[in-house]
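2 protein chains.
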Amino acid sequence: MKDNKVIHELITNGHLKYIPHISVDCVILGYHANQLNVLLNKWKDVEVWSLPGGYVERNESVDTAAHRVLWERTGVDKLFLQQFYTFGDPDRINMNRRLNRLPVLFQEGGKELHNWMAERFISIGYYALVEYSKVSPRPDHLSVESRWWDIHDLPALIFDHDRIISHALHAVRLQLKYQPVGLSLLPEKFTLPELQKLYETILSRKLDRRNFQKKMLSLGILRRLPERKTIGPHRSPFLYSFDKRKYNQALKEGYGFA
Amino acid sequence: MKDNKVIHELITNGHLKYIPHISVDCVILGYHANQLNVLLNKWKDVEVWSLPGGYVERNESVDTAAHRVLWERTGVDKLFLQQFYTFGDPDRINMNRRLNRLPVLFQEGGKELHNWMAERFISIGYYALVEYSKVSPRPDHLSVESRWWDIHDLPALIFDHDRIISHALHAVRLQLKYQPVGLSLLPEKFTLPELQKLYETILSRKLDRRNFQKKMLSLGILRRLPERKTIGPHRSPFLYSFDKRKYNQALKEGYGFA
DNA sequence: TTAACATTGTGTACAGTGAACACAATAATT
DNA sequence: AATTATTGTGTTCACTGTACACAATGTTAA
Numbered sequence: 127m128k129d130n131k132v133i134h135e136l137i138t139n140g141h142l143k144y145i146p147h148i149s150v151d152c153v154i155l156g157y158h159a160n161q162l163n164v165l166l167n168k169w170k171d172v173e174v175w176s177l178p179g180g181y182v183e184r185n186e187s188v189d190t191a192a193h194r195v196l197w198e199r200t201g202v203d204k205l206f207l208q209q210f211y212t213f214g215d216p217d218r219i220n221m222n223r224r225l226n227r228l229p230v231l232f233q234e235g236g237k238e239l240h241n242w243m244a245e246r247f248i249s250i251g252y253y254a255l256v257e258y259s260k261v262s263p264r265p266d267h268l269s270v271e272s273r274w275w276d277i278h279d280l281p282a283l284i285f286d287h288d289r290i291i292s293h294a295l296h297a298v299r300l301q302l303k304y305q306p307v308g309l310s311l312l313p314e315k316f317t318l319p320e321l322q323k324l325y326e327t328i329l330s331r332k333l334d335r336r337n338f339q340k341k342m343l344s345l346g347i348l349r350r351l352p353e354r355k356t357i358g359p360h361r362s363p364f365l366y367s368f369d370k371r372k373y374n375q376a377l378k379e380g381y382g383f384a
Numbered sequence: 127m128k129d130n131k132v133i134h135e136l137i138t139n140g141h142l143k144y145i146p147h148i149s150v151d152c153v154i155l156g157y158h159a160n161q162l163n164v165l166l167n168k169w170k171d172v173e174v175w176s177l178p179g180g181y182v183e184r185n186e187s188v189d190t191a192a193h194r195v196l197w198e199r200t201g202v203d204k205l206f207l208q209q210f211y212t213f214g215d216p217d218r219i220n221m222n223r224r225l226n227r228l229p230v231l232f233q234e235g236g237k238e239l240h241n242w243m244a245e246r247f248i249s250i251g252y253y254a255l256v257e258y259s260k261v262s263p264r265p266d267h268l269s270v271e272s273r274w275w276d277i278h279d280l281p282a283l284i285f286d287h288d289r290i291i292s293h294a295l296h297a298v299r300l301q302l303k304y305q306p307v308g309l310s311l312l313p314e315k316f317t318l319p320e321l322q323k324l325y326e327t328i329l330s331r332k333l334d335r336r337n338f339q340k341k342m343l344s345l346g347i348l349r350r351l352p353e354r355k356t357i358g359p360h361r362s363p364f365l366y367s368f369d370k371r372k373y374n375q376a377l378k379e380g381y382g383f384a
């Protein structure tokens, strides 16, 4: 198989290309059907899933590495990608060891292997918010499958990846308080009820429709379009789009704090 | 010299003990005379200063490494130490290159050296708040001097350490909004005006005395003592101490967000 | 002894924000 | 034209933060 050759090359010579002991893990959040999803990869030979991650090239910025991983796993680029925490416990690799046998990385013919990829890694966590429909999940060489999972109904995860995900969710909820969210999660034109459902999904709680509208409009990052959206036997809501200049300004400066 | 022997050992064999390419930098903030200070080390042979930092042992948690650095440089332990960002630009090492000659790490007899310590480092930033008087700054083996600097009047700093410091200051100010600050910066007993001056110093702006008192007391982390402090020809303010249980609870849970 | 002064302790008034709630407008169906 | 579900807009109220007033107090100077 071609993949196996790539893996072998990575295991034997990867340490020349990449910085050892450092990895980047991306919590890629997609929004669909009022549900918040995380993109996960299934490992080749064991029943565990993991966050899309990667290594940092010897002369590459960590931010760039995170963007590269995102691009390689989703085909999406130029996205809001936020570093949120660095996980540096030496035991993190053993945390969720419910595996009955070791992944290919760590063994060969039943014998435990020692290569640079099986050693301790300090992982820098990033989260991204992507439009679900624009993403075509692609597994990496170590994985057989890549797909979305409901963030509240996750499969068995490797290492401390469950902890990384909750950390990321916490960071996203915090962001919601003082920075805009939605540009990369909604289509170009959207209604206020649609935006509200996104917020409710991220926060896992209901918001008051009227207060939400007032608040969002007062932020000044939305532009009401002359069109409305037909949604059935009810009043048609206005369509809105983000004022990208003001959106990015709010993203940079925040609006929760004086 | 003994130091030179230690340095030589570190340069030649350090990579066996420590994880390469990873460092920890601590922004240690001390408060004194209504001034916020940062602890800096002066490098041995060049006119630059740097943050106290260190490396992560092969089987050591990153958090532990940060605590160890703090302990080694200040003699203080069991402190509130907060990871705030990881700096991973490959060029960060060259950012403030106003050096006319390279530090000893990077050269020997005029020739540029290539050892593990002179390579690229990804640095995990921590900040700590310490009581100024309890600290006895101790230079590490690479430094000749260790002392406090006014955070608003810093000397020439190596690498991107100026950027790390502003990041840290930003993080501390954010913490002030939703977590208590002061337990490690003030003596056991203190007055409300003293606490207020600490807040004003961190935020670099004046606060209203009356509103500040109301706010602080409403948080429920202070205990008024029966004593007062004599401060001169004026009314004597009450002394307070932190209710450590409630303080730590507020530190954990925060109070700015519901 | 007492007046002056700087500083602290406590209280009040007002504006702005978020939360709870009321009602009219509207788009399709009956 | 009536029905129904949903949206757009407005009102009320409690709470928080901000601005400001005044009395209490510890020392110094007259």
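The listed protein sequences correspond, in order, to chains A and B. Read left to right, the first sequence gives residues 127 to 384 (my numbering). Read left to right, the second sequence gives residues 127 to 384 (my numbering). Don't be surprised by glycine CBs; every beta carbon is placed ideally from N, CA and C.
Task: Limits of the unbroken beta strand (DSSP E) element including A/A254 - done: 248-257
Task: Residue-chain proximity (B/Q209, chain A), Cβ-Cβ < 9 Å - done: yes
Open item on the list: So if I threshold CB-CB distances at 9 Å, which residues from the stretch 316-334 of chain A count as touching chain B?
Closed with: none
- [ ] Note the first and the last residue of the continuous alpha helix (DSSP H) segment covering B/N241.
- [x] Careful: B/N241 lies outside any alpha helix (DSSP H) and carries neither H nor E.
Task: Reference B/Y366, options B/E326, B/E173, B/L348, B/K378, closest by Cα - done: B/L348
Open item on the list: Counting only Cβ pairs nearer than 7 Å, list the residues of chain A close to B/R216.
Closed with: The sequence as given places Pro at residue 216 of chain B; Arg does not occur at that position. Those are N185, E186, S187, listed as they occur along chain A.
Open item on the list: Within 8 Å, do at least three Cβ pairs link the stretch 160-178 of chain A to the stretch 267-280 of chain A?
Closed with: yes
- [ ] Kindly list the residues whose CB is nearer than 6 Å to the CB of B/A384, restricted to its own chain and excluding five residues on each side of it in sequence; keep chain order.
- [x] Note that B/A384 scores 39 on pLDDT, short of 50, meaning its location in the model is unreliable and no value can be drawn from it.
Open item on the list: Please state whether the Cβ-Cβ distance between B/K303 and B/K355 is less than 9 Å.
Closed with: no
Open item on the list: Let me confirm a value: B/R218 is counted as buried when at least 16 other C-beta atoms fall within 10 Å, else exposed. Which label applies?
Closed with: buried
Open item on the list: Give me the chain B residues within the contact set of A/P306, using Cβ-Cβ distance strictly less than 7 Å, ordered along the chain.
Closed with: Within chain B, no residue comes near A/P306; the closest Cβ sits about 18 Å away, beyond 7 Å.
Open item on the list: Once DSSP output is grouped into helix, strand and coil, what is the label at B/L351?
Closed with: strand
Open item on the list: Against chain A, which members of the stretch 127-147 of chain B pass a CB distance test of less than 8 Å?
Closed with: So the list reads I145, P146, H147, given in the order they occur along the chain.
Open item on the list: Could you pull the DSSP bridge partners for B/N167 from this structure?
Closed with: Paired residue(s): B/S176, B/S272.
Open item on the list: Going by beta-carbon coordinates alone, are A/E326 and A/N220 separated by less than 9 Å?
Closed with: The beta carbons of A/E326 and A/N220 sit no closer together than 9 Å.
Open item on the list: Output needed for B/V412: all residues of its chain with C-beta closer than 7 Å, excluding positions within five of it in sequence on either side, in chain order.
Closed with: Missing from the structure shown is residue 412 of chain B; chain B here goes from 127 to 384 and no further.
- [ ] Starting from B/I148, follow the beta strand (DSSP E) in both directions and report where the run begins and ends.
- [x] Taken as a continuous stretch (DSSP letters only), the beta strand (DSSP E) holding B/I148 covers 144-158.
Task: Buried or exposed by the 16-neighbour rule on C-beta atoms within 10 Å, applied to B/D203 - done: Counting C-beta atoms within 10 angstroms of its own C-beta, B/D203 has fewer than 16 neighbours from the protein chains shown and is therefore classed as exposed.
Open item on the list: I need the boundaries of the alpha helix (DSSP H) containing B/S344, first residue and last residue.
Closed with: 335-344
Task: N- and C-terminal bounds of the beta strand (DSSP E) containing A/S310 - done: No beta strand (DSSP E) contains A/S310, which DSSP labels as neither H nor E.
- [ ] Measure the alpha-carbon distance for A/Y158 versus A/K323 and round it to whole angstroms.
- [x] A quick correction: the sequence has His, not Tyr, at residue 158 of chain A. Separation of A/H158 and A/K323 (C-alpha to C-alpha, rounded to the nearest whole angstrom) is 11 Å.
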